[in-house]
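Protein chains in written order, with this note's numbering: chain A, 1 to 250; chain H, 251 to 500. Every residue gets a Cβ at the ideal spot worked out from N, C-alpha and C, and that includes glycine. Model, not experiment: these values are computed from the prediction.
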């Protein structure tokens, strides 16, 4: 039997956001590999072995997945959101590139998912309705100077911005600096959306003008979206809508 | 009966990429509104009226959807991909903001979908595995000068880039200029992915070094992805994988 690795996105949490394509891959898997809480989202079936592991071991986990596929297993690597956005797909390819040559024959598929920024954007309205960028604010894997440069250039380009991993317990100072840079580059009224646990039962959505944001409004389960200069708020009885118009006038 | 507008994403084309949440909204709709080819993707059922319209009439279509919902209908507005990314959600909110005050009481939900850049990225590997931006290259709704500024700043920020609507029949010169700007700002070897009709039966994927790109490689059904300076290619018997590593070394 020929082995295979499918790297799939489970979406932000709500099971109604998992695509049928991903469901089908899970239904025929022999092994599921991933971070514990994501593996826990997969329904067990006969012949399926779960391999949950801690975070920060993405390369070990990827090597394990490729090893099992090389032995003929049908392996599914799970990420939350989309596997190609700050998630497992890049880690598996890194392990593949640095691994034994015979791994190059393994069939590998990436099955997309609803990434957190799209789920958060949908809950708020359409803040990413015009040009935007996505930045991973964690400085575990890149120097802070690059993050800072990107934030300043993104503000100059007038992109809406989506921030993944805004604030870790061990390195909370990055998000403090991020808000300082934004306050320095963007207007006081710029809408900022803090979307925590989007699509889960305990989802929280907070829309705050930039001047009133504080670092404690975000943690690692929060997606932060920042509007462009064009982003608007519609006040309504059921709560505000944030959207970025399609047009920019000359 | 209280009316409602659900603005939903049908994903890039393959029905296995439509979320169960969107399927459920379509199953209880009384009216489906959207661009003809997207409305044609919706399965008919008793009591469902289809309202297909041409492109470039997004505001008329949005007003129609809101009017029907104000009269108690269960209206679903369909986009391909994700409704919040260069699609119908921003248009509906623009119509809402400029419409009669009683529309503010209408329940409006945005249901996310798999946007084209994530589907294209998954087919190629993980080119958007690190920080990236998404730019609509159409200059119908914004001056070309803004697009050019964003391209130059995105290259300076070393974002991977995803281009929507790269090249229309009526204005093909924008993509010519886009490739010139990229060739001026990025290295010759920078990988560029042309993904046409992603997830459809006639999908085409082309991976080309920037120096060998030509404008005719894209049309309006093509998603164009450009790697960052860190993006790598793994050559394999089944075809290359393009991915952007998670790390940037100091």
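In this structure, residue 111(A) places its C-beta atom within 8 Å of the C-beta atom of residue 25(A). Using beta-carbon distances, residue 384(H) counts as an interface residue toward chain A, with a partner under 8 Å. Shortest Cα-Cα distance from residue 124(A) to any of 94(A), 192(A) and 148(A) involves 192(A).
Scanning 390(H), 492(H), 477(H) and 451(H) for the CA closest to the CA of residue 405(H) turns up 477(H). Counting of Cβ neighbours within 10 angstroms places residue 342(H) among the buried residues, the total reaching 16 or more.
For residue 371(H), the enclosing alpha helix (DSSP H) covers residues 366 to 374.
Burial is judged here by how many other beta carbons sit within 10 angstroms of a residue's own beta carbon; residue 130(A) has at least 16 and is buried. Exclusion of the five residues before and after residue 139(A) leaves 147, 171 and 174 as the residues of its chain whose Cβ lies within less than 8 Å of its Cβ.
When Cβ pairs closer than 8 Å are counted between the two stretches, the segment 315 to 325 of chain H is seen not to touch the segment 191 to 205 of chain A, the count staying below three.
In this structure residue 321(H) is not in contact with residue 349(H), their Cβ atoms being roughly 14 Å apart against a cut-off of 8 Å.
Residue 237(A) is classed as exposed because its beta carbon has fewer than 16 other beta carbons within 10 Å across all chains shown.
A direct Cα-Cα distance of roughly 41 Å separates residue 464(H) from residue 183(A). Under the Cβ criterion of 8 Å, residue 84(A) is counted among the residues facing chain H. Per DSSP, residue 270(H) is one residue of the alpha helix (DSSP H) stretching across 270 to 277.
Cβ neighbours of residue 294(H) within its own chain (closer than 8 Å, five residues either side excluded): 300. Neighbours of residue 13(A) in chain H, taken as residues at a C-beta separation under 8 Å, are lacking, since the least C-beta distance is about 12 Å. In the DSSP assignment, residue 311(H) falls within the alpha helix (DSSP H) that extends over 308 to 320. Identification of residues in the segment 472 to 484 of chain H having a C-beta nearer than 8 Å to some C-beta of chain A yields 482 and 484, given in sequence order. When only Cα atoms are considered, residue 336(H) and residue 308(H) end up about 11 Å apart. In this structure residue 231(A) is buried. Its beta-carbon is surrounded by 16 or more other beta-carbon atoms within 10 angstroms. For residue 26(A), the nearest beta carbon of chain H is not closer than 8 Å to its own beta carbon. A Cβ-Cβ contact shorter than 8 Å links residue 5(A) with residue 69(A). In the structure shown, residue 330(H) falls within a coil segment according to DSSP collapsed to helix, strand and coil.
One thing to note: residue 66(A) has its Cβ within 8 Å of the Cβ of residue 95(A).
Annotation: the continuous beta strand (DSSP E) that includes residue 134(A) extends over 132 to 136. Chain-order list of chain H residues neighbouring residue 121(A): 332, 334, 335, 339, 360 and 362, by C-beta distance under 9 Å. Residue 268(H) counts as buried, since at least 16 other C-beta atoms from the protein chains shown sit within 10 angstroms of its C-beta. Put simply, the CB of residue 159(A) is near chain H, with a gap under 8 Å to one of its CB atoms. Distance check between residue 356(H) and each of 151(A), 247(A), 14(A) and 234(A) places 234(A) closest, using alpha-carbon atoms only. Per DSSP, the continuous beta strand (DSSP E) segment holding residue 9(A) begins and ends at 4 to 9.
Taking 7 Å as the cut-off between beta carbons, none of the residues of the segment 275 to 305 of chain H comes near chain A.
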